[in-house]
Amino acid sequence: MSSTQRGSLVELSNLVRRFGEVTALDGLNLTIQPGELVALLGPSGCGKTTALRLLAGLDIADSGNVIVDGNDLTNVAASQRDMGMVFQAYSLFPNMTALENVAFGLKVRGVDTAKRESKAQELLDLVALTNQANRYSHQMSGGQQQRVALARALAIEPKVLLLDEPLSALDAKVRTQLRDEIRRIQIEVGTTTLFVTHDQEEAMAMADRVGVMSNGKLEQIDKPNIVYSNPASAFVASFVGAMNRVPAKLNAGKVSILGQSIKHGGGSSGNDLVALLRPESISVNVEKSPSANTGSVLARSFLGPQTRLTITTSETKTNIHVDLPSSEAGPFDPGTTVALKIQADSLLTDDNGKN
Amino acid sequence: MAKIKSASTITPKPGVGLKTWLIVGFLFFAIPIFSAALFSVQVGDGSYTISSYTRMLTDPGLSESLWLSTKLVLMTVGIVLLLMVPTVTWLHIRAQKAKRVVEFITLLPLIIPPVVTALGLLSSMPSFLKDSPYLLGFAYGALTMPYTYRALDAGLNSIDVKTLVDAGRGLGASWRQVLSSVIAPNIKSAIFGAIFLAVALVLGEFVVSSLLIWNTLPVWMALVGMSDAEGAVAISVMSLIFVWLLLMVMSLLDGSKKVKINVGGV
Ligand SMILES: Nc1ncnc2c1ncn2[C@@H]1O[C@H](COP(=O)(O)OP(=O)(O)OP(=O)(O)O)[C@@H](O)[C@H]1O
Ligand SMILES: [Mg+2]
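As given, the protein sequences belong to chains A and B, one line each in that order.
Heads up: the first sequence runs through residues 1 to 355, numbered per this note's numbering.
Heads up: the second sequence runs through residues 1001 to 1266, numbered per this note's numbering.
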């Protein structure tokens, strides 16, 4: 368990997996750099778990390849792949103590008792469970069980660490705490990691890169801030972060929206489209009389450092969310008429109105 | 208020009722056993002797049939452990859809009369198998399936088989290691239950073994009973005690892990 241990390079190329009528993976391509933590984000059923299971060898692709450090593992059995996996469901072996669970992977590799137990204890120390070594799974909390599962996965010094929504069964507080801890440990150990989640905040907080999946394909993969501020598609934009959908019109390369005119590349003139606006990319000012770019405050919700206003536009009667610092939210009582200003020089639009 | 009052007057009743029923139930089983035991040691003039026991224990037929039945028991246990456990586990992780069909198939031994089974075996099997007790062992493996399958199925339903198998495989365990150190220990009670049912059936089965002309313990007992009633009863009592001891030993083995877990929790 030295921090010099180098992670493996993972390449998934053109993975296809069908279950009868359902195409769970539809040509997935993904490269993970050594030591990198990639989070796969996507709605339920988009194929995240399937991708992970194919990498682990727990399922077999219809076509495509799994390559780790240049070796094609596509036809290698799960037990020969050296992947450490943590599952969404609690997966500790109920007949074994925490220590025995962590030592299991070493036991089947023929490591002698003394050695594997000291190594297992070392890993329990790493996940802050030094004193729980002799507990059985039914004597531990959900969070503790997932820590043991993490220690068990790391004990075999896996080429890749695979985490399938390991935090989703835990309550909010434990979840944030444990996610920070997983990230700390992952950086310390340096293992290449693929983390699956449908919680975008979790993905953003932990990952070097976030991959957004939809219908068995990767829509975009990039650094969290880029996926957020520069989404590659309407789907990504709507899935990552809060997003307003505002009807607009395209005219001569410009979108007219909320009484403003903003440059926009594609699409043909005269078409209706839907503009996608982040709540924090709209600013508000108190205004006396209604006009094309005004609306009326419907509700004001305090969210800690930020406050979210729900505003109904005067013309189209669309509800728009606007986020602003709570310290500036004082004047915007419900019923107030406000002027809306879009703080963006380019617009993301959803031309087909789908998604 | 009224509710509380009526409840308090009713409460003692089920207690008394339960006790009464337990005693009735106990007597229902105990009286015939006690009478049988008495019959086996009583001589015509009212005095007692254990001669029927010593006579039976020294009969060469006993050791022969006991040895045969022991072999058959071991073989049936082997079938449960090596064939049934992996198969039912596999059904759970890979072929949930086939389970209905399999459930029906496991019921066939109850539907098909044992006479038909025995005659079917006699007319279809090659003679080298008919000459060996292994044919009977396999027949027992099939005959016990309705019970062993259900016991194991219930055990597997109580754990998350799929996740445990995936976890084991992912950590580098072979299928054999997954079965022996991950699955089996967690369905230990179910396996013991299945084994016990199988053993009880093998130690009591008469029709198939007599038709296949093997002197198993029950067949030998029936033969003895034709000429020596007291001896046959003595054997029955002994086998009853033997099975009872077996049950005790098995439930002790089964319980040991739970005790250990509790100790760990303190
Ligand atoms: N063993 C299976 N048999 C049949 N269909 C399956 C199987 N496993 C997955 N699927 C289907 O494949 C699709 C992708 O499933 P997958 O479990 O990869 O989704 P996911 O992204 O992990 O979803 P979630 O966020 O709900 O866990 C789904 O439509 C699912 O129903
Ligand atoms: Mg999933």
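C-beta: ideal position from N, C-alpha, C; glycine also.
Quick one: is residue i near chain B, going by C-beta distance under 9 angstroms?
i	result
A/I411	Residue numbering for chain A in the displayed model covers 1 to 355; residue 411 of chain A lies beyond these limits and cannot be assessed.
A/Q144	no
A/S214	no
A/G353	With a pLDDT of 42 at A/G353, under the threshold of 50, the modelled position of that residue is not reliable, and the figure given next carries that caveat. Closer than 9 angstroms: no.
A/P94	yes
A/G105	yes
A/Y228	no
A/V38	no
A/A149	yes
A/R356	Residue 356 of chain A is absent from the model: chain A starts at 1 and stops at 355.
A/F19	no
A/S91	yes
A/V236	no
A/F87	yes
A/A360	Because chain A in this structure spans residues 1 to 355, residue 360 of chain A falls outside the shown range and cannot be described.
A/G7	no
A/I156	yes
Under three-state DSSP, which class holds residue i?
i	result
B/G1155	helix
A/G45	coil
A/I264	Sequence check: residue 264 of chain A is His here, not Ile. Note: A/H264 maps to coil in three-state DSSP.
A/M206	helix
B/V1101	helix
B/A1173	coil
A/F19	strand
B/M1001	The predicted model places B/M1001 with a pLDDT of 42, which falls under 50 and marks its position as unreliable, so this point remains unresolved.
B/M1250	helix
A/R300	strand
A/L170	coil
A/Q343	coil
B/N1262	Model confidence at B/N1262 stands at a pLDDT of 37, short of 50, so the residue's coordinates are unreliable and nothing is read from them.
A/K288	coil
B/A1222	helix
A/L9	coil
A/F195	strand
A/M85	strand
B/Y1060	Tyr is not the amino acid found at residue 1060 of chain B; the sequence shown has Pro there. Helix, per DSSP.
B/L1119	helix
A/G142	helix
B/T1216	coil
Check whether chain A comes within 9 angstroms of residue i, counting only Cβ atoms and requiring the distance to be less than that.
i	result
B/S1174	yes
B/Q1115	As written in the sequence, residue 1115 of chain B is Val, which differs from the Gln given in the question. False, the Cβ-Cβ gap to chain A never drops below 9 angstroms.
B/G1264	No answer about B/G1264 holds up, because its pLDDT of 32 lies below 50 and its placement is not dependable.
B/F1189	Per the sequence presented here, residue 1189 of chain B reads as Ser, with Phe not at that position. B/S1189 does not count as touching chain A.
B/L1164	yes
B/N1186	yes
B/D1160	yes
B/Q1177	yes
B/A1167	yes
B/S1181	yes
B/G1170	yes
I want to check one thing, is the minimum distance from the CB of residue i to the heavy atoms of ligand 1 below 8 angstroms?
i	result
A/P43	yes
A/Q88	yes
A/T318	no
A/K48	yes
A/F19	yes
A/H264	no
A/G211	no
A/G216	yes
A/V66	no
A/A24	yes
A/A172	no
A/A51	yes
For residue i, which beta-bridge partners are listed by DSSP?
i	result
B/Y1048	B/Q1042
A/K249	A/S256, A/D272
A/D72	A/I67
A/S283	A/K341
A/D125	According to DSSP, A/D125 bridges with nothing at all.
A/T294	A/A339
Within the present structure, is the beta-carbon of residue i separated from the nearest heavy atom of ligand 2 by less than 8 angstroms?
i	result
A/D164	yes
A/V196	yes
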